[in-house]
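Chemist: Numbering (the numbering used here), first residue to last: 384 to 591. Just so you know, even glycine gets a beta-carbon here, dropped at the ideal spot from N, CA and C. The structure follows.
Listed below in structure tokens is the structure:
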């Protein structure tokens with residue numbers, strides 16, 4: 384019974400992350416994290432407090448990033464847990480003066496810990512499986528710089544292309560996809576976390 388209760392609490396925590404982030408409820412969004420939490424995404428890799436501030440700044444400036452969740456699974460070991468959640472990240476912005484939507488499909492791979500009776504995130508790592516870019520106006524003509532597009536991994540290359548066009552410095556490697564050494568390293572970090580490792584690990588990113 385305790386395992387089921389913990390699992391339900393963690394799933395609510397994961398869902399709260401998306402709802403409060405996308406709606407700009409920053410106080411409740413911050414409550415999803417433990418104070419030493421760490422966020423790693425295409426455009427941002429830093430402690431959760433810095434991520435929350437950056438997310439809030441973008442939200443206030445009209446940056447449109449929306450999350451949607453699907454299936455959920457979770458492994459619990461005492462006061463620690465690792466969850467995986469099917470998700471999409473949708474971002475809207477102009478690329479070469481054409482308004483586009485990018486939809487990236489993947490999973491959130493989250494490290495959690497129960498402290499003082501409450502679960503919180505200590506690391507969030509998206510897994511980028513595939514993405515696409517579409518003009519909002521189907522009659523618009525959009526031409527991408529193929530040399531720039533090819534600099535980013537296939538799992539998030541259109542998302543990275545958009546983000547690079549609006550001023551973000553995007554990781555060019557080291558983030559996990561469906562297969563490859565990055566996802567194997569992430570799974571190893573998750574297993575180590577459940578087994579009692581000192582920390583939840585970090586990815587080895589290529590930023591230049």
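#1: Are residue 621 and residue 424 close, meaning C-beta to C-beta below 8 Å?
#2: Whole angstroms are fine: how far does the CA of residue 551 sit from the CA of residue 591?
#3: Distance, Cα to Cα, residue 542 vs residue 461?
#4: Would you identify the three-state DSSP class for residue 452, choosing helix, strand or coil?
#5: Compare the Cα-Cα distances from residue 563 to each of 511, 467 and 576 and report the closest residue.
#6: If you draw a straight line from the alpha carbon of residue 528 to that of residue 538, how long is it in whole angstroms?
#7: Would you say residue 549 and residue 559 are within 8 Å of each other, going by their C-beta atoms?
#8: Using the three-state DSSP reduction, which class does residue 482 fall into: helix, strand or coil?
#9: Applying the 10 Å Cβ sphere with the 16-neighbour rule, what's the burial state of residue 384?
#10: Return the bridge partner residues of residue 487 from the DSSP annotation.
#11: Is residue 428 helix, strand or coil when you go by DSSP?
Modeler: Let me lay it out:
#1: Limits of the chain in this structure are 384 at one end and 591 at the other, which puts residue 621 out of reach.
#2: Within the chain shown, the letter at position 208 stands for residue 591. Within the chain shown, the letter at position 168 stands for residue 551. Computed Cα separation, rounded: 12 Å.
#3: On the chain shown, residue 542 is found 159 positions in, with the first residue counted as 1. On the chain shown, residue 461 is found 78 positions in, with the first residue counted as 1. Rounded to the nearest angstrom, the two C-alpha atoms are 37 Å apart.
#4: Residue 452 sits at position 69 when you count from the first residue of the chain shown. Of the three classes helix, strand and coil, the one that applies to residue 452 here is strand, per DSSP.
#5: On the chain shown, residue 563 is found 180 positions in, with the first residue counted as 1. Ranking the options by Cα distance to residue 563, first place goes to 511.
#6: Stepping through the chain shown from its first residue, residue 528 is reached at position 145. Stepping through the chain shown from its first residue, residue 538 is reached at position 155. Rounded to whole angstroms, the gap between the alpha carbons of residue 528 and residue 538 is 17 Å.
#7: Numbered from its first residue, the chain shown carries residue 549 at position 166. Numbered from its first residue, the chain shown carries residue 559 at position 176. Not a contact, by the Cβ cut-off of 8 Å.
#8: Taking the first residue of the chain shown as position 1, residue 482 is located at position 99. Residue 482 falls in the strand class under three-state DSSP.
#9: Against the chain shown, residue 384 aligns to sequence position 1. The predicted position of residue 384 is uncertain, since its pLDDT is 46 and thus under 50; a value taken from the coordinates is nonetheless stated next. Classification for residue 384: exposed.
#10: Looking up residue 487 in the chain shown gives position 104. Beta-bridge partners assigned by DSSP to residue 487: 472 and 514.
#11: Position 45 of the chain shown, counted from the start, is the residue given in the question as residue 428. It is a strand residue.
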